[in-house]
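Peer 1: Got a structure for you, written out below as structure tokens; questions coming shortly.
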Amino acid sequence: MSRTQSHRGRLRTSYDESESLRDRIFGRGDRLPPNHHATRYRGSRNLPRPEGISDPIPTPDPLAEKAS
Numbered sequence: 000m001s002r003t004q005s006h007r008g009r010l011r012t013s014y015d016e017s018e019s020l021r022d023r024i025f026g027r028g029d030r031l032p033p034n035h036h037a038t039r040y041r042g043s044r045n046l047p048r049p050e051g052i053s054d055p056i057p058t059p060d061p062l063a064e065k066a067s
């Protein structure tokens, strides 16, 4: 870090570990706002599926197994 950037207050000296970059940029938590262009790509269920491709075989969720 250069002395000039630090002196002008452009770079932080400490960061909140619970704060993500997305939260700092958009200020609404870790998820994008509903009106953001990228929200239509949340998961593959919102993307168009070409003809002849079936649904994938469901796999167990390892996080759900740990919770129970």
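Its first residue numbered 0, the sequence shown is counted upward by one per residue in numbering that gives the first Met the number 0.
Even glycine gets a Cβ: it sits at the ideal position worked out from N, Cα and C.
1. Given this structure, state the Cα-to-Cα distance separating Arg30 from His36, to the nearest angstrom.
2. Run the proximity test for Thr58: is its beta-carbon closer than 7 Å to any non-hydrogen atom belonging to the ligand ATP?
3. Which residues mark the beginning and the end of the alpha helix (DSSP H) in which Arg30 is found?
4. Checking 8 Å against the spacing of the C-beta atoms, do Pro32 and Phe25 come in under that value?
5. Can you give the Cα-Cα distance for Tyr14 and Gly28, rounded to whole angstroms?
Peer 2: Considering the structure as presented:
1. Here the question's residue 30 lines up with position 31 in the sequence shown. Here the question's residue 36 lines up with position 37 in the sequence shown. If you take the alpha carbons of Arg30 and His36, they lie about 13 Å apart.
2. Here there are no bound small molecules, and the ligand ATP is not part of this structure.
3. Numbered from 1 along the sequence shown, position 31 holds the residue referred to as residue 30. That residue, Arg30, is in no alpha helix (DSSP H); it is neither H nor E in DSSP.
4. Here residue 32 refers to the residue found at position 33 of the sequence shown. Here residue 25 refers to the residue found at position 26 of the sequence shown. Closer than 8 Å, so yes.
5. By 1-based counting over the sequence shown, the position of residue 14 is 15. By 1-based counting over the sequence shown, the position of residue 28 is 29. Distance between the alpha carbons of Tyr14 and Gly28 is about 16 Å.
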